[in-house]
Each structure stands twice: as structure tokens, then as C-alpha cells.
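Protein chains in written order, with the working numbering: chain A, 1 to 137; chain B, 1001 to 1137.
Ideal Cβ positions, reconstructed from N, Cα and C, are used throughout, including at glycine.
Remember, it's a predicted structure, so these values are computed and weren't measured experimentally.
Protein chains: 2
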Amino acid sequence: MGERRFSRQRERIYQAVRASRAHPTAQMVYEELREQMPRLSLGTVYRNLHLLAEEGALVELGGPVARFDAQLRPHPHLRCIRCGCVADAEMAYDGSLDVQAARDGWQVESHSLIFNGICPACGKESEHLKGDSITWN
Amino acid sequence: MGERRFSRQRERIYQAVRASRAHPTAQMVYEELREQMPRLSLGTVYRNLHLLAEEGALVELGGPVARFDAQLRPHPHLRCIRCGCVADAEMAYDGSLDVQAARDGWQVESHSLIFNGICPACGKESEHLKGDSITWN
DNA sequence: TCCTTAATAGTAATGATTATCTTTATTGTT
DNA sequence: AACAATAAAGATAATCATTACTATTAAGGA
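Following this line, the structure appears as C-alpha cells:
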């Protein structure tokens, strides 16, 4: 449990998420940075994404594969049930919901609101193809 | 692509989810049924849970490990950030949100609203222990 | 420059889920 | 009831995301 030190890898990882609008996965960050840092390891990406999330510099989004967001204000997201891409919803985060949801002995801290749908790209290229729907409630 | 046949395994799997209030995972269903059906295979549980979800008899909930619900009316859920358990929120599903969320070329079909918090059991046993927070937005 | 040790790279291990493949069982038909 | 066609099961291997482990590298203070 020592003091945190600077590392160029962590810095680049943070900047990569910041610069992206794709809510990238660890794999996506890894592949992008690898071009410039061929020796980068995937484990390093995972470790640092979690460190950054832990210290509040990033937010981790759920789902079957984790995604990361440098936009710290909580907000709803849109997820494509075809390609899995994630976008920000233009909608405010309603913290009052957390109060309403509390019941029994639950202590509600936050909520995640994810809209499932078809993204512009997928909606265009496939008015015929019927891929597997990956929707969650 | 043949016609669907009856199978006692599928029937029991469906009943197991129906009878549970835990929004069980595939593993949970498997372990429970195994007592009565020692030869049951985990792959069979996964295959049938997905078949049942596909034909609309069950709903699949997201998260790092998939959970299943026989309550078909969409509704928000509570998830414990300590133990991972899932419960129903006593709150109506607001379909009007889906209309509001639509933007650009997105076709929104549904949404999932999950409250993150501490369940009664975890809140009781640990006002001292500080486990890893697993919260998603 | 030297030391301490946090952080990395590389790789093995884990856990959930999916795929493959042989055997079993459902169901329509004799 | 026996038969044939094939959906589904059981067993196991493979895949994918993520985590753990270990020897080496590199912050950063003395």
C-alpha cells in the first residue's frame, strides 16, 4: 500500500478515454495505444482503467464487456443491440429516482439508465438483416 | 431449423426461474436442479435459458453475469454492489422515457433501469467492512 | 548515483459463456 | 408397440473477458 507514482502508460490510457467518444472497452484502448506503444500490455490497460475509476477520474459502465467514460457527470446511455456501441443520451440524470427506488432495507446510491436500440449506422445498413437481439432489462 | 420439441429439462429450468425471486444466474439454476437431476449439464441450462428468453418466456438481465426473470412486464431492478444480488424495484416502468431518449438516428426500443446500492443483508453485516464497490452507470 | 518499491510486460490462470460432437429422447408414422 | 427422423441432452473442448502472478523496469526521494 505505497504512494501512487506517475506512469506514462496510465497517462496515455486516461487521455485515450478522454479523447474518445466511443466509451471504449479495455481492448479498444489497448489496440489504439499499441500503435504508439508496441510494448504496452493488456493487463496494464485493465489495471490502470480500474485505478482511474477507483480514484474517480473515469467511470466504469456495466454490460457484458466493461466500458469506460471520462465524462464524470452521471448520465443515461444508449446501447446498440446490434453492434454493441454506446453513446450518450441527451437526457439529464434524475437523482430523485434513487430516493423513490429505496425500499425495505436497501440503501440506494445511484442508478444506471441504459436505452436499448438500433444505432444510426446499424439502422441504415440493415433493414433486412435480422441479427440477434441483445437487450437487457 | 426444425420445429421445437418438448424437453423435461427445459420445463424444469423454466419452472426453476419462475419459482425463484432471486433473478437466478445460469449457475444458480444449474446447482439447484442438479440435486434432482444429477445428469443435467450446465450447457443445457445456458442453451434453454436463451431459448426461453428468445421465445419470450423469460427476460435476460444484463450485468457481468447474466440473470433471468420470469416476470415479463418490464420493471426496474435493484442490484447490490456488495454481493451482486438482484431484486425488483417497486417502481413502474416508464415507457415514455424511450421516446425522450431518441436522438439522431437512434431507434430506441426499451431501456433498463438498475439501481445500485446495498441490500438489507449486506447493509446489516457490514457497517465496518469496506468491500470493493461494483457500481455502473 | 543509489535505493526502495510502484508499475510494467509477459504470461498463466480463472470464470462465464459458447461451440462441438456423440448419444439420447421426442414425436410423427407405420 | 416398433421405426425413423432429428431436436435436444450430456460431456467436454474452445473462446472471450478479466484477473493473478512474477521477474524486470523505472519513478522519485535520499
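At a C-beta separation below 8 Å, asparagine 1116 of chain B has these neighbours in chain A: Val108, Glu109, Ser110, His111, Ser112. For arginine 1103 of chain B, the chain A residues whose Cβ falls inside 8 Å of its Cβ are Leu78, Ala89, Glu90, in order along the chain. According to the DSSP assignment, leucine 1061 of chain B belongs to the beta strand (DSSP E) that extends over 1059-1061. In this structure glutamine 107 of chain A touches glycine 1123 of chain B by the C-beta definition: roughly 6 Å separates them, less than 8 Å.
Secondary structure of leucine 40 of chain A (DSSP, three-state): coil. For glutamine 107 of chain A, the enclosing beta strand (DSSP E) covers residues 107-118. Look at the stretch 34-45 of chain A: it has no residue with a C-beta under 7 Å from a C-beta of chain B. Against chain B, the beta carbon of glutamine 100 of chain A has neighbours under 8 Å at Met1091, listed in chain order. Residue-level contact by beta carbon holds for glycine 123 of chain A and chain B, with a gap shorter than 8 Å. Counting along the chain, the unbroken alpha helix (DSSP H) around leucine 1097 of chain B starts and ends at 1096-1101. Counting C-beta pairs closer than 8 Å gives fewer than three between the stretch 39-49 of chain A and the stretch 76-91 of chain A, which falls short of the contact rule. Take arginine 1034 of chain B, set aside five residues on each side of it, and the residues of its chain with a beta-carbon closer than 6 Å to its own are Leu1040, in chain order. Contact between the stretch 1052-1065 of chain B and the stretch 51-70 of chain A is established, with three or more Cβ pairs separated by less than 8 Å. Beta-bridge partners assigned by DSSP to leucine 51 of chain A: none are found. DSSP links cysteine 85 of chain A through a beta bridge to no other residue.
Below the 9 Å Cβ cutoff, chain B contributes Asp1104, Gly1105, Trp1106, Gln1107 as neighbours of cysteine 119 of chain A, in chain order. Annotation: alanine 1070 of chain B to glutamine 9 of chain A spans about 46 Å, alpha carbon to alpha carbon.
At the C-beta level, serine 1112 of chain B and isoleucine 114 of chain A come within 8 Å of one another. Taking 8 Å as the threshold, the shortest C-beta distance from proline 64 of chain A to chain B falls below it. Out of A:Ala92, A:Tyr93, A:Leu97, the CA that lies nearest to the CA of glutamate 1090 of chain B is found in A:Leu97.
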